[in-house]
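Working notes, structure below.
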Amino acid sequence: MSESTANISSSSRASAQVPDDFSRGVERRLRRLRVVAHLCSFLGAALLGVVLALALCATLVPRLMGLQSYAIVSGSMEPTLPVGGLVYAEPFSAEELVPGDIAVFWRNGDVIIHRVEENDPEARELITRGDANDGVDAHPALYDNVIGRAMGCVPAIGYFILALGSLPGKFVLGWIVLMGAALTIIGTVISNLARH
108 MSESTANISS SSRASAQVPD DFSRGVERRL RRLRVVAHLC SFLGAALLGV VLALALCATL
168 VPRLMGLQSY AIVSGSMEPT LPVGGLVYAE PFSAEELVPG DIAVFWRNGD VIIHRVEEND
228 PEARELITRG DANDGVDAHP ALYDNVIGRA MGCVPAIGYF ILALGSLPGK FVLGWIVLMG
288 AALTIIGTVI SNLARH
């Protein structure tokens, strides 16, 4: 074999390695892009999923079941109903409430959730008390002000409802939804770029 033939074959091997190195580098970058795309899509979907789950749990599902939901803002019923919990109440006749039931009623424009100590059908009122309070409430709950009976409580979800009632809370919720949507879109775009 001549010297010129040996030079040609060694230079063709070297030129064949350059595209292989380039291809491997491109493939590594594409793998990284795919990982970033999946991560963005997952985080975006998770953010949107959490917001949707909280919204469904707090509003839509209870309404479909005929229940109303109320956020606990004071510690008068702790530990049974913790501050920040979300209480679900069913419509219930005041006459049928018995001692031990947790009544939901209006008093001076506020919703109160306290335990029934005594039901007085003649006076058409309930004597109530918060579990954490020392004595019964100073004013009885009138039958006409009774909304219903508490059915259960989901801890911490009430904070979400309370936050939605404030301007900063609405801003934060909007930001979370936008971030979730943006991450999902970015993940989709990067994934499409990595395929091509």
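So the sequence shown is numbered by my numbering: it starts at 108 and just counts up by one.
No residue lacks a Cβ here, since even glycine has one placed at the ideal position from N, Cα and C.
Alpha carbon of residue i to alpha carbon of residue j, nearest angstrom
{"i": "Leu137", "j": "Leu159", "result": "32 Å"}
{"i": "Glu232", "j": "Leu249", "result": "4 Å"}
{"i": "Val211", "j": "Glu224", "result": "13 Å"}
{"i": "Gly182", "j": "Tyr266", "result": "14 Å"}
{"i": "Arg302", "j": "Val296", "result": "10 Å"}
{"i": "Phe278", "j": "Leu269", "result": "13 Å"}
{"i": "Ala241", "j": "Ile220", "result": "Note that residue 241 is Asp in the sequence shown, not Ala. So the alpha carbons of these two residues sit roughly 16 Å apart."}
{"i": "Ile254", "j": "Ala144", "result": "49 Å"}
{"i": "Leu193", "j": "Gly259", "result": "8 Å"}
{"i": "Leu285", "j": "Ala153", "result": "13 Å"}
Those residues which DSSP pairs with residue i across a bridge
{"i": "Trp213", "result": "Val218"}
{"i": "Arg236", "result": "Arg222"}
{"i": "Leu249", "result": "Glu232"}
{"i": "Ala257", "result": "Ala196"}
{"i": "Ala178", "result": "Leu193"}
For residue i, the three-state DSSP class (helix, strand or coil)
{"i": "Arg135", "result": "helix"}
{"i": "Ala152", "result": "helix"}
{"i": "Leu193", "result": "strand"}
{"i": "Ala263", "result": "coil"}
{"i": "Asp227", "result": "strand"}
{"i": "Met172", "result": "coil"}
{"i": "Thr187", "result": "coil"}
{"i": "Val296", "result": "helix"}
{"i": "His145", "result": "helix"}
{"i": "Gly130", "result": "In the sequence as presented, Gly is not what sits at residue 130; that position holds Ser. Correct three-state label for Ser130: helix."}
{"i": "Gly276", "result": "helix"}
{"i": "Leu271", "result": "helix"}
{"i": "Val205", "result": "coil"}
Exposed unless 16 or more other CB atoms sit within 10 angstroms - verdict on residue i
{"i": "Met184", "result": "buried"}
{"i": "Ala245", "result": "exposed"}
{"i": "Asn226", "result": "buried"}
{"i": "Val157", "result": "exposed"}
{"i": "Arg170", "result": "exposed"}
{"i": "Gly294", "result": "buried"}
{"i": "Ser176", "result": "buried"}
{"i": "Arg135", "result": "exposed"}
{"i": "Gly132", "result": "exposed"}
{"i": "Pro247", "result": "buried"}
Min CB distance residue i to chain B below 9 Å
{"i": "Cys260", "result": "This model lacks chain B altogether, as it is built from one protein chain only."}
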